[in-house]
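Numbering (our numbering), first residue to last: 2 to 187.
Printed below as a string of structure tokens:
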């Protein structure tokens with residue numbers, strides 16, 4: 002009981018499905034119906050639901066997005082991975098989360114480049130280093146305030162950025178074969 006799980010993060014990435022690409026509005030409607038059921042099921046079992054979404058979900062249809070937020074989320078976690086737009090890409094999400102008192106966090110990417118994972122230098126702080134990432138965290142906190150939570154995608158890489166050491170060889174890209182020469186030392 003002391004270690005009970007109280008929250009569940011749903012990182013479905015439905016936006017990457019072919020049907021979603023062909024008809025995003027209709028797909029979002031279906032997704033909302035499914036996520037309403039998931040939230041109801043989870044809440045009945047004492048679990049809060051954290052929805053993990055891309056920054057573009059609100060651009061499909063603003064009313065549908067508001068429905069998604071109010072009926073499918075206890076908390077929102079945004080994969081805010083494009084470094085060049087990180088300060089502006091979550092404006093609408095922040096506004097609505099504040100309006101409905103829904104906790105919100107933004108996620109920083111720390112993985113090395115990976116074609117398979119869709120990670121490019123425009124997305125990741127891996128090559129920029131910890132200081133640059135911390136500057137970005139400070140800037141986003143200054144814009145949105147302390148109510149915005151900060152998260153990092155891939156703890157093993159954050160650990161590496163922080164210490165220069167590998168925590169574990171869990172992922173193929175964290176096995177020491179990646180060229181670390183551009184990293185500098187933390």
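We treat Cβ as the ideally placed atom computed from N, Cα and C, and that holds for glycine.
Everything numeric in this text was worked out from a predicted model, so none of it was measured.
Classify residue i as buried or exposed, calling it buried when 16 or more other Cβ atoms lie within 10 Å of its own Cβ.
i	result
residue 78	buried
residue 125	buried
residue 175	With a pLDDT of 46 at residue 175, under the threshold of 50, the modelled position of this residue cannot be trusted, and the question is left open.
residue 209	It is not possible to answer for residue 209, since the shown part of the chain is limited to 2 through 187.
residue 139	exposed
Mind checking which residues open and close the beta strand (DSSP E) that includes residue i?
i	result
residue 141	It is not in any beta strand (DSSP E) - residue 141 instead sits in the alpha helix (DSSP H) that spans 131-145.
residue 149	149-154
residue 107	105-110
residue 55	49-55
residue 8	8-11
residue 77	76-80
From this set, the options, which residue's C-alpha is nearest residue i's C-alpha?
i	options	result
residue 29	84, 8, 61, 108	61
residue 133	113, 84, 92	84
residue 54	64, 82, 39	82
residue 137	108, 24, 17	108
residue 91	13, 142, 14, 116	142
residue 6	46, 150, 25, 22	46
Spatial neighbours of residue i within its chain, please: CB distance less than 7 Å, with the 5 preceding and 5 following residues excluded, ordered by chain position.
i	result
residue 94	59, 77, 79, 105
residue 159	111, 153
residue 101	70, 71
Look up residue i in the DSSP assignment and say whether it is helix, strand or coil.
i	result
residue 61	helix
residue 87	coil
residue 99	helix
residue 185	With a pLDDT of only 40 at residue 185, under 50, the local geometry of the prediction cannot be trusted, and the value read off the model is given with reservation. Correct three-state label for residue 185: coil.
On the DSSP letters alone, give me the boundaries of the alpha helix (DSSP H) that residue i sits inside.
i	result
residue 39	25-45
Excluding the 5 residues preceding and the 5 following residue i in the sequence, name in chain order all residues of the same chain whose CB lies nearer than 8 Å to its CB.
i	result
residue 8	48, 49, 50, 51, 75, 76
residue 33	65, 68, 69, 72, 73
Please go through the same chain and pick out, in chain order, the residues whose beta-carbon is closer than 6 Å to the beta-carbon of residue i, but skip the five residues on each side of it.
i	result
residue 168	157, 160
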